[in-house]
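Have a look at the structure below, then the notes.
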Amino acid sequence: MAVPRPIDHLVLAVPDLAAAVALYGRLGFTVGAVNRHPWGTENAVIQLDGSFLELIGLGAGFALPGPHEAAAPFAAPVAAACARGGGLALVALGSTDADADAAAFRVAGAGQGRRLDFGRTAVAPDGTRRDVAFGLAFADIGLEAAGVFTCRHHRPENFWNPAAQRHANRALRLDAVALAVPDPAPVAARLSVALGIGPDGQAERLRFATPTGSIDVMTPPAAAARYGGGAAPGRFAGFGMVVEALDGLRRRLAAADVPHREVAGTLVVPPEVAFGTALVFAPAPCHSVA
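Heads up: the sequence shown runs through residues 1 to 290, numbered per UniProt numbering.
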């Protein structure tokens, strides 16, 4: 049986990083320090069990890399998402060998073998500074506004931190990511190459189950029904999180005056509040929110 790649992290582009950090803090997440990439984007990380959220914006002096520069497949989708008000721009999958991933994508016709290697300094909750480094390989799933790449952590011991994974809202792990497209089948076929597995489900909703949450390719009406708002075709519509319980989170959202709604036993923060990406909270042990 094929072993699927896990979801490593979500790249959540935001036009105002400070405002996004403040919002996710109000939602009860432990948000890391702001970091800067060599090409000028800045991020703040929210660690979970086995994956993380990357809040990312354009830092002072950011200049869009040229189309043939190594950072372009990462920076260009982030910049485009920021320009339209924010949104989930990219999904990163786990990797042990980015060079092999790039070669496999190229052979399968799911990319040109684009690669990016970079490092930065990570600041732990206690202020400790450590060097981290990553190797990325970009797949092509045929969409301009939604991308996928693999991410190898070269110094995982310097990145993952149990203290950073403790959240006031009792968030545990990523549950699901939704990609809205009019015809899920061809996109799912390309995504199968990146994930290493095929999907389950029916024509209007195809699901890839990974060790750290599912990726659901669904029609815009199906995505809108679950995540709210008008799910724009060709974009990620939202993502789901598992929390220990909803009662405390419900009180937290009300006290922080964060607009939300209740749908089928979950709490939904709509995309117009969460910088273009709907956020769904489901209670454990419920496995799926999508």
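Even for Gly, the Cβ is constructed at its ideal location relative to N, Cα and C.
Owing to the predicted nature of the structure, the values given are computational and were not obtained by experimental measurement.
Residue state for residue 114 is assigned as coil, using DSSP reduced to three classes.
As computed with DSSP, residue 283 is found in a beta bridge with 243.
For residue 190, the enclosing alpha helix (DSSP H) covers residues 184 to 195. The C-alpha of residue 212 is placed about 7 Å away from the C-alpha of residue 51.
Taking a cut-off of 8 Å for Cβ pairs, the segment 231 to 249 and the segment 196 to 209 do not touch, as fewer than three such pairs fall below it. A contact between stretches requires three or more CB pairs, one per stretch, nearer than 8 Å, and the segment 249 to 265 fails this requirement with the segment 175 to 193.
In this chain, the beta strand (DSSP E) harbouring residue 269 covers 266 to 269.
Pairwise C-beta distances place the segment 140 to 153 out of contact with the segment 166 to 178, as fewer than three of them are shorter than 8 Å. Taking the CA atoms as reference points, residue 191 sits about 20 Å from residue 53. The DSSP-derived three-state label of residue 91 is strand. Following the DSSP letters along the chain, one finds residue 25 inside the alpha helix (DSSP H) bounded by residues 17 to 26.
Judged by beta-carbon spacing, residue 218 lies beyond the 8 Å limit of residue 175, meaning their Cβ atoms are not closer than that value. Shown here for residue 77: same chain residues with a beta carbon closer than 6 Å to its own, the five before and five after excluded, namely 89, 90 and 147 in chain order. Taking C-beta atoms as the reference points, residue 229 and residue 272 count as a pair closer than 8 Å.
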